[in-house]
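**Q** Dumping the structure here so I can ask a few things about it.
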Amino acid sequence: MSPRVMAQRPQPQTDTGAVRRFAFELPALTASVARARRLAEERLIIWGCGPEIRDTVSLIVSELVTNAVVHTASGRFVCELREGEEKLRIAVRDEGGPAGPRIRDCGEDERGRGLIIVDALCSAWGAERTGHGTSQTVWAELAHGTGEAC
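Numbering-wise (my numbering), the sequence shown opens with residue 243 and increments by one.
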């Protein structure tokens, strides 16, 4: 199934310039995790982002999408990349589940470390209920004003 691209044109920001935005929708299937990573990486290449930030974003997209696929009752999810002058924001909106995202102690278990990884890589992350019902968006931001910029 091909992704439904939702937006990909620059949008106006405050007086500092344009925000680049790219969003796509995929079914909430395990196979969609790899597809979401590829779509994000392809877009960052188009935007001129370097390999280090692409690798970081790929990992974050993988973790957020995996959470949407595994821990919610979603039939689909929407992933959005939004790049502005000082930060790159990754957001994944799902159709909801029983509880919001949380970091948990995993002990020696290899599973369940996604948000710990996201927290370590990002300058900020969070979640918010969106729309009606249990739909939620989990987002993460990478500051790039002093490091590698897109």
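Beta carbons are placed, not taken as given, at the ideal position from N, Cα and C, and that holds for glycine.
All of these numbers come straight from a predicted model, not from anything done at the bench.
To the nearest whole angstrom, what separates the beta carbons of T298 and L363, a pair I think is in contact under 8 Å?
**A** That belief holds up - the Cβ atoms of T298 and L363 are roughly 6 Å apart, short of 8 Å.
**Q** Distance check for G326 and V380, CA to CA, integer angstroms please.
**A** So the two alpha carbons sit approximately 18 Å from each other.
**Q** Quick one: using the 10 Å Cβ neighbour count with 16 as the cut-off for buried, is E294 buried or exposed?
**A** It counts as exposed.
**Q** Verify whether the separation of the beta carbon atoms of I287 and A382 is less than 8 Å.
**A** Not closer than 8 Å, so no.
**Q** Do you know whose CA, among R262, L306 and R279, lies nearest D361's CA?
**A** The candidate whose alpha carbon is nearest that of D361 is L306.
**Q** Rounded to whole angstroms, how far is the Cβ of E283 from the Cβ of S304, which I believe are closer than 8 Å?
**A** Not quite, the Cβ-Cβ distance comes to about 11 Å (not below 8 Å), so this is no contact.
**Q** Nearest-angstrom Cα distance between A310 and A366?
**A** Looking at the two C-alpha atoms, the distance is approximately 19 Å.
**Q** R262 to I332, Cα distance in whole Å?
**A** Each residue's Cα considered, the two are about 12 Å apart.
**Q** Taking T372 as the reference, which of G292, H313 and F319 has the closest Cα?
**A** Nearest option by C-alpha distance: F319.
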